[in-house]
Amino acid sequence: MALLTRIRGPRDLDRLTPDELRELAAEIRTFLISSVARTGGHLGPNLGVVELTIALHRVFDSPADRILWDTGHQSYVHKLLTGRQDFSRLRSSGGLSGYPSRAESEHDLIENSHASTVLGWADGLAKANQLLGRDQHVVAVTGDGALTGGMAWEAMNNIAAAKDRPLVIVVNDNERSYSPTIGGLANHLATLRTTDGYERFLTRGKEFLNRTPVVGKPLHDALHGAKKGLKDIIAPQGMFEDLGLKYVGPIDGHDVEALESAFQRAKRFGGPVIVHCITEKGRGYRPAREDEADQFHAVGVIHPDTGLPVAASGADWTSVFGEEILRIGREREDVVAITAAMLRPVGLKEFAETFPDRVYDVGIAEQHGAVSAAGLAASGLHPVFAVYATFLNRAFDQLLMDVALHRLGVTFVLDRAGITGPDGASHHGMWDMSILQCVPGLRLAAPRDAEQLRLQLREAVEVDDAPTVVRYSKGAVGPSVAAVGTEGGMDVLREPGTDRPDVLLVSVGALATNCLEAAEMLEQQGITTTVVDPRWVLPVDEALPGLAERHRLVVTVEDNSRAGGVGSAIAQALRDADVDVPLRDYGIPRRFLDHASRKELLEELGLTGPGLARQITGVVARLDGRLDPAAATLGSD
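Read in this note's numbering, the sequence shown has 261 at position 277, and its numbers run on one by one without any break.
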């Protein structure tokens, strides 16, 4: 790593020769493969943008010139070239974020990791530069996957409206987002990839005609006047130019000199320019290139030589869903599936292979996916829209006004709900149970284990007059948690053995084992506890207020924001029933959580068994009018 260790900032690249730049690119790929293999992370996308990132930082002067990444998972090389070369704790507590981070570097202005947003940011920054008289450049690096999102085209429409406002849009065209990109735009870019560039043709023609006496220049002018038609024949980039955007490309995204030349031309143009770069996801790493699924888009800990996982993983929530939706699909021909560019990550691969005509990949377009689901449901089908919980935020209006208002049976399956861990603030699925509380008629399930996920998914798809939501965590499924009884529609997980127990502990979703551990520790302190799993947390079970009235304290525990979450809904239900039992709601505070493991974050938030027991003991002690010394020490080890 002789060259890489000498790079402490972008201007260190200026002194390198072309041969040294190629050597640096090779060193960066070796570094990425070795480092990401140890920690896990987004490997394939970053192997594909090595030369592109080097060229960007040689042509533009970051941080004065703003280089923005959409999505941010392709920013690892950018981090290396801006002085962040300690990848030993990548995506772990105290280490580098897997996305751009304002806390890490002045070279990171935005922390975007939801796709299709960067062009809107770039539009605002370019407008500010113009208004404030700043002689700076804005560069938005996006991908054809991100360009399937409607927000990108809303921004593009505004960007194109100002012909004199400098802004460079770099399309990193690797044919993929997570998997091969779908849709009309992808087909258009594929056409561009397979044609010779118009600019090269026009340059050669101009040189020939200008050497031709008398008729040469008039003929060139006539051809130039017809250039739109020529462009559509030779390289049909008319879609961009019809918007008013200058188009440069396609450019070999692994040729630093060609990239620099294209970026210099775009930089000098003085208006909005698209630079179309062709790259290979996973370039330079054979296991990634041979991975047909997603070319190592994101990996866990792997062996760097083979690309194989170091440790076998057990059954996870996503695979349980994938198996059950396939069974349901075999039983019910009316069930169809929708994904937003994440067929494999959300567990729909086998369903798609078995029922290819019943799966719709809408691209990175969650809003459209939800409205399309409404149309499917209105036609008598039952759509199951599988999406990450954090991305449901984008489709809230459509869920409310297009699905719920029309009383349509659409099931939203929220993968990676709650605390997800290493991807950080933007990927924790910690808002869904709050934002969905206000949707009339909506029913929301939070399964505690694999068996409940299967059961509640089946219950959800039986509802044909309202939206249903099933949400579950990321990663391995915990042990099965059996019910010892029922109360209304709720499962009783633990009975206290007394007629007047102290605490009713309402356990939501995958935190059941933590709640049962806390109840056992409370029992050791002489605090009797009933543990229930409401299963369907919305609407609140009608039996819950009556059950709460038989206890001295109600405690809710959820893997979701406390603000407006399940605890708030239960508190309202108690008030409506005139049940005046004290309630404490434990969950995620109203703040963004950094990247760390799920275990570390649960401990930090006091949502482990010992953490919950310690807090509840203190509350009971105060109800008794005493300070129990056990509350200060319980679970402190």
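For every residue, glycine included, the Cβ atom is placed at its ideal position computed from N, Cα and C.
What residue from the options has the CA that sits closest to residue i's CA?
i: THR290; options: ALA299, ALA272, ARG6 and PHE15; result: ALA272
i: GLY364; options: GLN248, LEU310, ASP318 and GLY469; result: ASP318
i: HIS238; options: SER581, THR513 and GLU35; result: GLU35
i: ILE(-9); options: GLY56, HIS62 and ILE17; result: HIS62
i: GLY593; options: ASP486, ILE554, LEU585 and LEU495; result: LEU495
i: VAL33; options: GLU11, PHE15 and GLN58; result: GLN58
i: ARG442; options: GLU276, VAL232, ILE312 and ALA388; result: ILE312
i: VAL487; options: PHE339, THR470, LEU310 and GLU533; result: GLU533
i: GLY530; options: ILE554, ILE143 and ASN544; result: ILE554
i: GLY255; options: ALA110, PRO288, PHE375 and VAL343; result: ALA110
i: GLY268; options: PHE15, ALA561, GLY551 and ASP157; result: PHE15
i: TYR231; options: ASN158, VAL294, VAL468 and VAL154; result: VAL154
i: PHE305; options: LEU292, VAL294, ALA321 and PRO293; result: ALA321
i: LEU327; options: ARG86, ARG314, ARG316 and ARG342; result: ARG342
i: VAL397; options: THR452, ASP345 and GLU350; result: THR452
i: THR37; options: ASN158, VAL240 and MET140; result: VAL240
i: ILE348; options: PHE576, LEU131 and ALA10; result: LEU131
Assign residue i to one of three DSSP states: helix, strand, or coil.
i: ASP239; result: coil
i: PHE253; result: helix
i: PRO340; result: helix
i: VAL43; result: helix
i: ARG50; result: strand
i: VAL355; result: helix
i: THR101; result: coil
i: ALA614; result: With a pLDDT of only 47 at ALA614, under 50, the local geometry of the prediction cannot be trusted, and the value read off the model is given with reservation. Correct three-state label for ALA614: helix.
i: GLY127; result: strand
i: VAL468; result: coil
i: ASP386; result: helix
i: VAL33; result: coil
i: VAL304; result: helix
i: GLY25; result: strand
i: VAL492; result: coil
i: ASP345; result: strand
i: ALA460; result: strand
Residue i to residue j, Cα distance in whole Å?
i: LEU5; j: ARG(-5); result: 13 Å
i: ARG622; j: ASP54; result: No answer is possible for residue 622: it lies beyond the span of the chain, which begins at -15 and ends at 621.
i: LEU360; j: GLN436; result: 27 Å
i: ALA210; j: PHE253; result: Residue confidence for ALA210 is low, a pLDDT of 45 falling below 50, so the modelled location carries little weight and cannot support an answer.
i: VAL423; j: LEU384; result: 6 Å
i: GLY609; j: VAL603; result: 10 Å
i: LEU522; j: GLY472; result: 14 Å
i: GLN549; j: PHE339; result: Correcting the residue type first, residue 549 is Gly in the shown sequence and not Gln. Approximately 37 Å between the Cα atoms of the pair.
i: ARG249; j: ARG(-1); result: 21 Å
i: VAL20; j: PHE71; result: 8 Å
i: PRO463; j: ASP433; result: 7 Å
i: ARG378; j: ALA388; result: 16 Å
i: ASP564; j: ASP525; result: 17 Å
i: LEU607; j: PRO566; result: 9 Å
i: PRO518; j: HIS390; result: 27 Å
i: GLU274; j: ALA336; result: 21 Å
i: ASP475; j: GLY134; result: 42 Å
i: ALA299; j: TYR372; result: 18 Å
i: GLY127; j: VAL539; result: 46 Å
i: HIS535; j: LEU528; result: 11 Å
i: ALA324; j: HIS98; result: 12 Å
i: GLY228; j: GLY353; result: 29 Å
With hydrogens ignored, establish whether the beta-carbon of residue i is closer than 7 Å to any heavy atom of the ligand FAD.
i: PRO(-6); result: Among the components of this structure there are no ligands whatsoever, and the ligand FAD is therefore not found.
Give the DSSP bridge partners of residue i, in chain order.
i: THR452; result: THR395 and ARG427
i: CYS261; result: ASN156 and ILE235
i: GLY402; result: GLY413
i: SER545; result: ILE572
i: LYS230; result: VAL257
i: ASP517; result: ASP475
i: HIS366; result: VAL319
i: PRO288; result: Note: PRO288 sits in no beta bridge, so no partner.
i: LEU567; result: VAL538
i: LEU151; result: PRO256
i: VAL445; result: In the DSSP output, where bridge partners are listed per residue, VAL445 has none listed.
Just to confirm my understanding: we take residue i, look at its own chain, exclude 5 residues before and 5 after, and list those with CB closer than 6 Å. What are they?
i: GLN120; result: ALA48, ASP49 and ASN113
i: LEU93; result: ARG50
i: CYS499; result: LEU489, SER491, VAL515 and VAL541
i: LEU186; result: Confidence at LEU186 is low in this model, with a pLDDT of 48, below 50, so the placement of that residue should be treated as unreliable; the coordinate-derived value is given next. Excluding positions up to five away in sequence, the list is empty.
i: MET505; result: ALA597
Give every residue of the same chain whose Cβ lies closer than 7 Å to the Cβ of residue i, excluding the five residues on either side of it in the sequence, and list them in chain order.
i: THR302; result: VAL330, GLY331 and ASP399
i: GLY213; result: Residue placement at GLY213 cannot be trusted, given a pLDDT of 45 that sits under 50; what the coordinates show is reported in the next sentence. The answer is none, since no qualifying residue turns up.
Taking 8 Å as the limit between beta carbons, can you name the residues of its chain near residue i, skipping five residues before and five after?
i: GLY590; result: TYR570, LEU596, ARG598 and GLN599
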